[in-house]
Amino acid sequence: MEHHHHSPAETDSAAMAELLDLDAEVMHSYLSEVTAWVEALGPPCRRILDVGSGTGAGTLALAQRFTGAEVIAVDLSENLLGRLRDKARDRGVADRIRTVQANLDAAWPAVDTVDLVWASNSLHHMADPGRVLSEVFATLRPGGLLALAEMDSFPRFLPDDLGIGRPGLEARCNAAVAGARAEALPHIGSDWASRLRQAGFTVEAERTFAIDLTPPLPPSAGRYAQASLRRVRSRMDGRIDVGDLATLDALIDDDGPDSVLRREDLTVRDTRTVWAARRR
Ligand SMILES: C[S@@+](CC[C@H](N)C(=O)[O-])C[C@H]1O[C@@H](n2cnc3c(N)ncnc32)[C@H](O)[C@@H]1O
Numbered sequence: 584m585e586h587h588h589h590s591p592a593e594t595d596s597a598a599m600a601e602l603l604d605l606d607a608e609v610m611h612s613y614l615s616e617v618t619a620w621v622e623a624l625g626p627p628c629r630r631i632l633d634v635g636s637g638t639g640a641g642t643l644a645l646a647q648r649f650t651g652a653e654v655i656a657v658d659l660s661e662n663l664l665g666r667l668r669d670k671a672r673d674r675g676v677a678d679r680i681r682t683v684q685a686n687l688d689a690a691w692p693a694v695d696t697v698d699l700v701w702a703s704n705s706l707h708h709m710a711d712p713g714r715v716l717s718e719v720f721a722t723l724r725p726g727g728l729l730a731l732a733e734m735d736s737f738p739r740f741l742p743d744d745l746g747i748g749r750p751g752l753e754a755r756c757n758a759a760v761a762g763a764r765a766e767a768l769p770h771i772g773s774d775w776a777s778r779l780r781q782a783g784f785t786v787e788a789e790r791t792f793a794i795d796l797t798p799p800l801p802p803s804a805g806r807y808a809q810a811s812l813r814r815v816r817s818r819m820d821g822r823i824d825v826g827d828l829a830t831l832d833a834l835i836d837d838d839g840p841d842s843v844l845r846r847e848d849l850t851v852r853d854t855r856t857v858w859a860a861r862r863r
């Protein structure tokens, strides 16, 4: 058997790809609800752009909703785009999906005018989201719509009392994650409505989607919780105490009795806000 050596960056990218895929799977009904909402607000759609598509949660949901449309997925990561193309092929929609590798902090790629732009949890990663919003505005045809989705907080999976460790672990972790994210991603939690207006958009609607999945959950929810909490764990050294770290390690373990893959009290709770902004 061939032996592969993975650099930390590759391992991180593979973990990110898996997390995004699981997110799409677990959030399936949210994606279906939000694309239906966009369709109801929306203009006729022949060309759609997904900004910071990742592995294509939005791209594929939009291709399924707008069966006459071509979807262009733009992302920094060729690895994530490759995974998106594989999924598009599996679902028989590859002929309507195009991927474009681009660093949107550096330059806006050459894309034709589009009817709809989707940007989900991607703008807060950009160095200058205002500039990217202006590019989005210029790429939309007059009357076209931007749907901007941002996660309000990190998803919650666990009850306060886990039966192991000190109660309140997840709340402490999430507070620490929020601190780490605020340092790394200064645009998180921006006033997106006013940024949209500054870029020339008319904000037509703002809607919060509450995700609240309760047991019995499919196995993918356990894997999603594990992938999310592993990402949390990678940032927790020095931010939570050693007792909490040990509890977290037991939760993200594949095999242990306390693994999230096995817990029957797992939930998935999250809210995502979506702004519908029109280029008049
Ligand atoms: C949290 S993921 C969201 C992915 C996808 N929109 C979704 O909802 O599942 C953020 C994505 O933004 C991409 N991204 C971050 N900075 C970028 C940049 N400067 N240019 C292009 N894409 C970028 C990342 O590669 C990643 O795929």
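Residue numbers (this note's numbering): 584 to 863. In this text, a Cβ means the ideal position worked out from N, Cα and C, and glycines have one as well.
Which whole-angstrom value is the C-beta distance of residue i and residue j, which I expect to be below 8 Å?
i	j	result
E608	S803	5 Å
G635	A693	Wrong, their Cβ atoms sit about 17 Å apart, outside the cutoff.
G826	G748	6 Å
I823	A759	6 Å
L632	A671	That belief does not hold up - the Cβ atoms of L632 and A671 are roughly 15 Å apart, past 8 Å.
Could you tell me the alpha carbon to alpha carbon distance between residue i and residue j, rounded to whole angstroms?
i	j	result
R778	W858	11 Å
E585	G641	Because the pLDDT at E585 is just 46, under 50, the model does not fix this residue reliably, and the point stays unresolved.
G675	A619	21 Å
D848	H611	21 Å
R855	R739	13 Å
R668	S660	13 Å
D820	L752	14 Å
E805	A767	Position check: residue 805 holds Gly in this sequence, whereas Glu was assumed. Cα-Cα distance, rounded: 27 Å.
L834	F737	17 Å
D595	S817	10 Å
M709	P798	36 Å
A685	R845	40 Å
G746	D841	9 Å
V843	Y613	22 Å
A652	L645	9 Å
R666	R681	13 Å
I771	A765	7 Å
Q781	R724	18 Å
Y807	L800	11 Å
P750	D658	39 Å
A761	G727	34 Å
R648	V621	10 Å
R714	G783	11 Å
L828	T785	46 Å
L716	A597	29 Å
R604	A721	As written in the sequence, residue 604 is Asp, which differs from the Arg given in the question. Each residue's Cα considered, the two are about 30 Å apart.
P769	D673	37 Å
What does the Cβ neighbour count give for residue i, buried or exposed, with the cut at 16 atoms within 10 Å?
i	result
S811	buried
Q809	buried
E593	exposed
S590	exposed
P627	exposed
P712	buried
N733	For clarity, residue 733 is Glu in the given sequence; the question names Asn instead. The residue is buried, with at least 16 neighbouring Cβ atoms inside 10 Å.
D743	exposed
R861	buried
D853	buried
On a CA-only basis, which of the options is nearest residue i? Give me that one, please.
i	options	result
L873	D606, D595, A597	In this structure the chain extends from 584 to 863, so residue 873 is not present and cannot be described.
A623	D774, L834, A730, R845	A730
V719	R822, R668, L699	L699
H616	A860, L706, A793, L828	According to the sequence shown, residue 616 is Glu rather than His. Nearest of A860, L706, A793, L828 to E616, Cα basis: A793.
R814	N757, A656, G746	N757
E789	L800, P798, W775	W775
A754	L831, G726, A644, T650	L831
T696	V683, V851, R630	R630
T638	P626, I655, T650	I655
S662	L800, N704, L716, M599	Note that residue 662 corresponds to Asn in the displayed sequence, not to Ser. Of the listed residues, the one whose Cα sits closest to N662 is M599.
V864	L664, L741, D673	Here the chain covers residues 584 to 863 and nothing more, so residue 864 does not appear.
A650	R679, G625, L664	Checking the sequence, you will find Thr at residue 650 rather than Ala. Checking every option, the nearest Cα to that of T650 belongs to R679.
E787	R863, S773, P769	R863
D735	A689, T791, L687	T791
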